[in-house]
Amino acid sequence: MLERKPEIDFVDPTPPTDLVIKDITIGDGDEATERDRVSVHYVGVALSTGEEFDASYNRGEPLDFRVGIGQVIQGWDQGILGMKVGGRRQLVIPPHLGYGDRGAGGAIKPGETLIFVCDLVKVEK
Numbered sequence: 048m049l050e051r052k053p054e055i056d057f058v059d060p061t062p063p064t065d066l067v068i069k070d071i072t073i074g075d076g077d078e079a080t081e082r083d084r085v086s087v088h089y090v091g092v093a094l095s096t097g098e099e100f101d102a103s104y105n106r107g108e109p110l111d112f113r114v115g116i117g118q119v120i121q122g123w124d125q126g127i128l129g130m131k132v133g134g135r136r137q138l139v140i141p142p143h144l145g146y147g148d149r150g151a152g153g154a155i156k157p158g159e160t161l162i163f164v165c166d167l168v169k170v171e172k
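Position in the sequence shown (first residue = 1) + 47 = the numbering used here.
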């Protein structure tokens, strides 16, 4: 089980036009499919600054949500699909699959590309 907060490795500074998925560690547990309830630990940074804006690790508990029904940003709904428990995946999410032109409060500026490293902790079918 991956329990340590990951470091974000920087990617090409050119923002992608579509979701970029990179498996860092392939899990060997249950696979996340649409409508499953999942628990995901994550770290998120802004591509433009490299600054961390959020991390479930800092709160000590993963984020729980149902995959593919719009409870999270589209980049997560698409990027978590197919992951297996115990896996670690990097998602580079362009604005149209993230928070778009509105941003998210003071944490994420409008039009920001986001980088997340996600650890899939649990899947409930």
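Even glycine gets a Cβ: it sits at the ideal position worked out from N, Cα and C.
Can you give me the C-alpha to C-alpha distance between residue i and residue j, rounded to a whole angstrom?
i      : j      : result
Val67  : Leu138 : 6 Å
Leu94  : Gly145 : 12 Å
Asp124 : Thr61  : 23 Å
Ile162 : Ile55  : 8 Å
Leu110 : Thr160 : 20 Å
Ala151 : Pro63  : 20 Å
Pro142 : Leu167 : 23 Å
Tyr104 : Gln121 : 22 Å
Lys148 : Asp65  : A small correction: the amino acid at residue 148 is Asp; Lys does not occupy that position in the sequence shown. The alpha-carbon atoms of Asp148 and Asp65 are separated by roughly 16 Å.
Thr80  : Gly115 : 8 Å
Gly97  : Ile140 : 14 Å
Gly153 : Gly76  : 37 Å
Which term fits residue i, buried or exposed, when burial requires 16 or more other beta carbons within 10 angstroms of its beta carbon?
i      : result
Pro157 : exposed
Arg136 : buried
Gly74  : buried
Gly117 : exposed
Please check the pair residue i and residue j, which I expect to be a contact at CB under 8 Å, by giving their CB distance rounded to whole angstroms.
i      : j      : result
Glu99  : Gly91  : 7 Å
Lys169 : Val132 : 6 Å
Gly129 : Glu78  : 6 Å
Can you name the start and end residues of the beta strand (DSSP E) that residue i belongs to?
i      : result
Tyr146 : Premise fails: Tyr146 is in no beta strand (DSSP E) and is neither H nor E.
Gln118 : No beta strand (DSSP E) contains Gln118, which DSSP labels as neither H nor E.
Arg135 : Arg135 to Ile140
Arg84  : Arg84 to Ala93
Given residue i, which residues of its chain have a CB within under 8 Å of its CB, disregarding the five upstream and five downstream residues?
i      : result
Arg113 : Arg82, Asp83, Arg84 and Val85
Ile155 : Ala93, Phe100, Gly145, Tyr146 and Leu161
Ala102 : Lys52, Tyr89, Val90 and Gly91
Leaving out five residues before and five after residue i in sequence, what residues of the same chain have Cβ atoms less than 6 Å from its Cβ?
i      : result
Cys165 : Val87, Tyr89 and Arg136
Asp70  : Arg136
Thr72  : Gly134 and Arg135
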